[in-house]
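**Q** Throughout the sequence shown, residue numbering follows the numbering used here, covering 2 to 316 in sequence.
Beta carbons are placed, not taken as given, at the ideal position from N, Cα and C, and that holds for glycine.
Please see the structure below; I have some questions.
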Amino acid sequence: MPASLTRNLVTGGAGFVGSHLVDRLMEAGEEVICLDNYFTGRKVNVARWMGHPRFELIRHDVTDPILLEVDRIWHLACPASPVHYQHNPIKTAKTSFLGTYNMLGLARRVGARLLLASTSEVYGDPEVHPQPESYRGNVNTHGLRACYDEGKRVAETLCFDYQRMHGTQIRIARIFNTYGPRMLPDDGRVVSNFIVQALRAQPLTLYGDGSQTRSFCYVDDLVEGLIRLMNGVHAGPINLGNPSEFTIRQLAELVRDCINPGLQLVSEPMPEDDPSQRQPLIELAKNQLGWHPTIPLQQGLEPTIAYFRDRLAEA
Ligand code: NAD
Ligand code: UDP
2 MPASLTRNLV TGGAGFVGSH LVDRLMEAGE EVICLDNYFT GRKVNVARWM
52 GHPRFELIRH DVTDPILLEV DRIWHLACPA SPVHYQHNPI KTAKTSFLGT
102 YNMLGLARRV GARLLLASTS EVYGDPEVHP QPESYRGNVN THGLRACYDE
152 GKRVAETLCF DYQRMHGTQI RIARIFNTYG PRMLPDDGRV VSNFIVQALR
202 AQPLTLYGDG SQTRSFCYVD DLVEGLIRLM NGVHAGPINL GNPSEFTIRQ
252 LAELVRDCIN PGLQLVSEPM PEDDPSQRQP LIELAKNQLG WHPTIPLQQG
302 LEPTIAYFRD RLAEA
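In structure tokens form, the structure reads like this:
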């Protein structure tokens, strides 16, 4: 193998976003080590690369240290759906803190650059709208979402302390709600829930009255932003998301009308601490990375619906 190839480690690489990133890096001719404990990831997401000389798949939990010779660490390992991260909240906090600590230790030791997949959840239930990177957030430190939100906040802190103390090269992406093929059908996140419900001809479940808002980014746009951030000079944190904001009711109507316009929308209780609004300001990403999303929600829903149609047919 020529020594000049970039050696990438993608933690959480068998998951939704991670596997799309693996695809992009492999297609660019780079070397990729995909590391995952398969909590919410699936080998099938990276199956097309199995046996490829530039690809390696490792079953490993990031809460344990590991030594690998790499140039770039894309640190995505962490469950992202509230259903999954609340399944074992102590483990989620450990994954964010210890996992990021271990990956920063690795980055320091081998001189790699580390990109952290942080989240818009660091803003909690935001009182500033839309959210700029300078907003410090409104997080309930002891609520059901805290294991994830505070986990990511401390992960960001660790990155900046490694940068200050050891000169470690860091990049922080604050990712807003992202959707696309390879989300899990039982993921619990809103886009996959609504699509799967509509395909099964079930009512779509609106938590609360559906007036809360989110801004949905298609996964290809996000991966492009992650790559530009890693390759650029700005450490961040940088918001990566699509600024087009929708109420959850609007999303439900859109999905329903694409799949089965006769279906009902039903109301279910609002989960604790569910943010009432969320929309990224992306001026920093535009100016620093020359990045902005290009795929509107209606367009991104098409391949996502097609993916779930196939998966449900397989099942
Ligand atoms: P995902 O659940 O599909 O992927 C996470 C991956 O990490 C899975 O493959 C899982 O098995 C793996 N993993 C979890 N804990 C691990 C551990 N301890 N050790 C090794 N592997 C572990 O979620 P996703 O949507 O692909 O999210 C990827 C990253 O992006 C996460 O860090 C998430 O917090 C962040 N993010 C995602 C979104 C989004 O909307 N998708 C939004 C904000 C932030
Ligand atoms: N939501 C909903 N019905 C569902 C799943 C989610 O109304 O079946 C709502 C949820 O309460 C939240 C929004 O959709 O207000 C986005 O939820 P998701 O879990 O996808 O992401 P997050 O809340 O982490 O942004």
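Shorter than 7 Å, the distance from the beta carbon of residue 39 to the closest heavy atom of the ligand NAD, or not?
**A** Counting from 1 along the sequence shown, the entry for residue 39 is found at position 38. Answer for residue 39: yes, Cβ within range of the ligand NAD.
**Q** Got a sec? Which residues, its chain only, sit under 6 Å from residue 201 by beta carbon, not counting five neighbours each side?
**A** The sequence position of residue 201 within the sequence shown is 200, counting from 1. Cβ neighbours of residue 201 beyond the five flanking positions: none.
**Q** What's the gap between the Cα of residue 26 and the Cα of residue 120?
**A** Locating residue 26 in the sequence shown gives position 25, where the first residue counts as 1. Locating residue 120 in the sequence shown gives position 119, where the first residue counts as 1. C-alpha separation (whole angstroms): 22 Å.
**Q** When we look at the beta-carbon of residue 291 and count the other beta-carbons within 10 Å, is it buried (16 or more) or exposed?
**A** Reading the sequence shown from its first residue, position 290 is the one you call residue 291. When all chains shown are included, residue 291 counts as exposed.
**Q** Which whole-angstrom value is the C-beta distance of residue 223 and residue 18, which I expect to be below 8 Å?
**A** Counted from its first residue, the sequence shown places residue 223 at position 222. Counted from its first residue, the sequence shown places residue 18 at position 17. With 8 Å as the limit, residue 223 and residue 18 qualify as a contact, their Cβ atoms being about 7 Å apart.
**Q** Which value, in whole angstroms, describes the spacing of the CA atoms of residue 303 and residue 225?
**A** Here residue 303 refers to the residue found at position 302 of the sequence shown. Here residue 225 refers to the residue found at position 224 of the sequence shown. Approximately 19 Å between the Cα atoms of the pair.
**Q** Please state the DSSP three-state secondary structure of residue 277.
**A** Reading the sequence shown from its first residue, position 276 is the one you call residue 277. Residue state, collapsed to three classes: coil.
**Q** Following the continuous beta strand (DSSP E) through residue 11, name the residue where it begins and the one where it ends.
**A** Numbered from 1 along the sequence shown, position 10 holds the residue referred to as residue 11. Looking at the DSSP string, the run of the beta strand (DSSP E) that includes residue 11 is 8-12.
**Q** Could you check what DSSP says for residue 43 in three-state terms: helix, strand or coil?
**A** For the purposes of this step, residue 43 is identified with residue 42 of the sequence shown, where counting begins at 1. Of the three classes helix, strand and coil, the one that applies to residue 43 here is coil, per DSSP.
**Q** What number of angstroms, rounded off, separates the C-alpha of residue 234 from the C-alpha of residue 116?
**A** Looking up residue 234 in the sequence shown gives position 233. Looking up residue 116 in the sequence shown gives position 115. Taking the Cα positions, residue 234 is about 12 Å away from residue 116.
**Q** Classify residue 267 as buried or exposed, calling it buried when 16 or more other Cβ atoms lie within 10 Å of its own Cβ.
**A** Along the sequence shown, read from residue 1 onward, the residue named residue 267 stands at position 266. Classification for residue 267: exposed.
**Q** Taking the continuous alpha helix (DSSP H) assigned at residue 28, which residues delimit it?
**A** Looking up residue 28 in the sequence shown gives position 27. Looking at the DSSP string, the run of the alpha helix (DSSP H) that includes residue 28 is 17-28.
**Q** By how many angstroms is the C-alpha of residue 197 removed from the C-alpha of residue 11?
**A** For the purposes of this step, residue 11 is taken as the residue at position 10 of the sequence shown. For the purposes of this step, residue 197 is taken as the residue at position 196 of the sequence shown. In a straight line, the C-alpha of residue 11 is about 28 Å away from that of residue 197.
**Q** Could you check the C-alpha separation between residue 184 and residue 9 for me, to the nearest Å?
**A** The sequence position of residue 184 within the sequence shown is 183, counting from 1. The sequence position of residue 9 within the sequence shown is 8, counting from 1. Between residue 184 and residue 9, the C-alpha separation is close to 23 Å.
**Q** Going by DSSP, what residue range makes up the beta strand (DSSP E) through residue 333?
**A** The structure shown does not extend to residue 333, since the chain is modelled only from 2 to 316, so the question has no answer here.
**Q** Sort 80, 103, 280, 285 by Cα distance to residue 128 and report the nearest one.
**A** In the sequence shown, the residue the question calls residue 128 occupies position 127. Among 80, 103, 280, 285, the Cα nearest to that of residue 128 is on 280.
**Q** Distance cutoff 8 Å, beta carbons only. Does residue 57 sit that close to anything in chain D?
**A** Of the protein chains in this structure there is only one, and it is not chain D.
**Q** What are the residues that DSSP puts in a beta bridge with residue 216?
**A** For the purposes of this step, residue 216 is taken as the residue at position 215 of the sequence shown. According to DSSP, residue 216 bridges with 246.
**Q** In this structure, what does DSSP give as the bridge partners for residue 76?
**A** For this step, residue 76 is matched to residue 75 along the sequence shown. When DSSP reads this structure, residue 76 sits in a beta bridge with 12, 117.
**Q** Measure the alpha-carbon distance for residue 278 versus residue 126 and round it to whole angstroms.
**A** Locating residue 278 in the sequence shown gives position 277, where the first residue counts as 1. Locating residue 126 in the sequence shown gives position 125, where the first residue counts as 1. When rounded, the distance between both Cα atoms is 7 Å.
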